[in-house]
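Student:
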Amino acid sequence: NAGVTQTPKFRVLKTGQSMTLLCAQDMNHEYMYWYRQDPGMGLRLIHYSVGEGTTAKGEVPDGYNVSRLKKQNFLLGLESAAPSQTSVYFCASSRFEEQYFGPGTRLTVT
Amino acid sequence: AQSVTQLGSHVSVSEGALVLLRCNYSSSVPPYLFWYVQYPNQGLQLLLKYTTGATLVKGINGFEAEFKKSETSFHLTKPSAHMSDAAEYFCAVSYPQAAGNKLTFGGGTRVLVKP
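As you go down the protein sequences, you meet chains B and G in turn.
Per our numbering, the very first residue in the first sequence carries number 239; after that it's consecutive.
Per our numbering, the very first residue in the second sequence carries number 132; after that it's consecutive.
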């Protein structure tokens with residue numbers, strides 16, 4: 239039981255490049271989330287999904303898109319990366335109130 | 132909009148001393164309350180949570196927290212700090228009435244344990 243996994247672990251992008259972060263969970267959870275973590279700001283919700291085929295905006299959605307084509311996967315896309323998107327990205331999943339977190343992806347945009 | 136405030140971004144304690152991390156939330160509706168811990172270069176792990184019932188909640192690694200509705204607080208304590216408690220701690224809230232079980236986090240408190 240791997241829990242929540244994230245791919246890749248590290249990535250460096252140049253401004254304007256695009257990329258997709260992959261989150262996978264094997265707990266059959268309905269809900270999935272993408273957060274970004276920045277120093278002193280805790281974690282902030284980017285987008286979330288309450289089920290396969292559904293997505294919704296969180297607190298800081300601008301510059302990101304998501305898709306949930308399969309229940310176990312939640313993809314986060316950056317179409318045109320900006321230095322302000324340098325951060326650590328965490329995926330999480332839940333069935334009830336407790337969220338389970340992945341190990342994170344450290345993204346640097348130069 | 133709801134918010135979560137953690138007093139003190141850094142806390143230094145001696146090994147064996149009391150650990151006290153403060154968390155206050157702003158909401159007229161009682162939320163679900165959580166403390167998560169993050170060890171260096173890792174994801175977040177749930178320490179404990181309050182949903183309903185007993186207001187004193189015990190978690191893993193000897194931590195406990197008390198929900199005080201009148202003070203809108205959920206402070207985290209551990210009687211005796213251990214070197215392994217050095218980590219960053221996050222308080223978070225969610226609202227069962229809201230769609231998606233979304234969490235709102237405080238800014239985090241980094242704990243340093245001195246030998």
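Cβ atoms here follow ideal geometry from the backbone N, Cα and C, with glycine treated the same way.
Closest Cβ-Cβ distance between L177 of chain G and chain B: below 8 Å?
Tutor: yes
Student: Once DSSP output is grouped into helix, strand and coil, what is the label at Q169 of chain G?
Tutor: strand
Student: Could you give the DSSP three-state label for E202 of chain G: helix, strand or coil?
Tutor: helix
Student: Answer yes or no: does any C-beta atom of chain B fall closer than 8 Å to that of V139 of chain G?
Tutor: It is worth fixing the name first, because residue 139 of chain G is Gly in this sequence and not Val. So no, G139 of chain G is outside the interface.
Student: Per DSSP, K295 of chain B forms a beta bridge with which residues?
Tutor: B:H285
Student: Pull out every residue of the region 218-233 of chain G whose Cβ sits closer than 9 Å to any Cβ of chain B, in chain order.
Tutor: F221, C222, A223, S225, P227, A230, G231, N232 and K233
Student: Does the Cβ-Cβ distance between L164 of chain G and L207 of chain G come in under 8 Å?
Tutor: Against a cut-off of 8 Å, the Cβ pair of L207 of chain G and L164 of chain G comes out as no contact.
Student: Quick one: Cα of T258 of chain B to Cα of N303 of chain B, how far?
Tutor: 9 Å
Student: Which class does Q323 of chain B belong to by DSSP, given the choice of helix, strand or coil?
Tutor: It is helical.
Student: Please identify, using Cβ separations under 9 Å, the residues of the region 286-299 of chain B that lie next to chain G, in order along the chain.
Tutor: Along the region 286-299 of chain B, going in chain order, the ones with a CB nearer than 9 Å to a CB of chain G are Y286, S287, V288, A294, G296 and E297.
Student: For E335 of chain B, would you say it is in contact with chain G, using Cβ-to-Cβ distances shorter than 8 Å as the test?
Tutor: yes
Student: Could you tell me whether the region 268-283 of chain B touches the region 324-344 of chain B, using the rule of 3 or more Cβ pairs below 8 Å?
Tutor: Result yes; three or more Cβ-Cβ pairs closer than 8 Å.
Student: Quick one: what's S225 of chain G bridged to in DSSP?
Tutor: Paired residues: G:Y163.
Student: At a CB distance below 7 Å, what residues from the region 263-275 of chain B approach chain G? Give them in sequence order.
Tutor: Y269
Student: Which residues in the same chain have their Cβ closer than 8 Å to the Cβ of T324 of chain B, if we skip the five residues on either side of it in sequence?
Tutor: L345, T346 and V347
Student: For G291 of chain B, which of B:T343, B:Q310 and B:R282 has the nearest alpha-carbon?
Tutor: The residue among B:T343, B:Q310 and B:R282 with its C-alpha nearest the C-alpha of G291 of chain B is B:Q310.
Student: Let me check understanding here. Comparing Cα to Cα, which of B:F339, B:P341 and B:L316 lies closest to S305 of chain B?
Tutor: Closest in C-alpha terms to S305 of chain B, from the list B:F339, B:P341 and B:L316, comes B:L316.
Student: Do you know offhand how far C154 of chain G's Cα is from S332 of chain B's?
Tutor: 23 Å
Student: So the candidates are G:T203, G:T182 and G:L178; which of them puts its Cα closest to the Cα of F194 of chain G?
Tutor: Looking at the Cα atoms, G:L178 is the closest of the given residues.
Student: To which residues does DSSP link F328 of chain B through a beta bridge?
Tutor: B:Y273
Student: Does G184 of chain G come out as helix, strand or coil in the three-state DSSP assignment?
Tutor: coil
Student: Secondary structure at S211 of chain G, three-state DSSP: helix, strand or coil?
Tutor: coil
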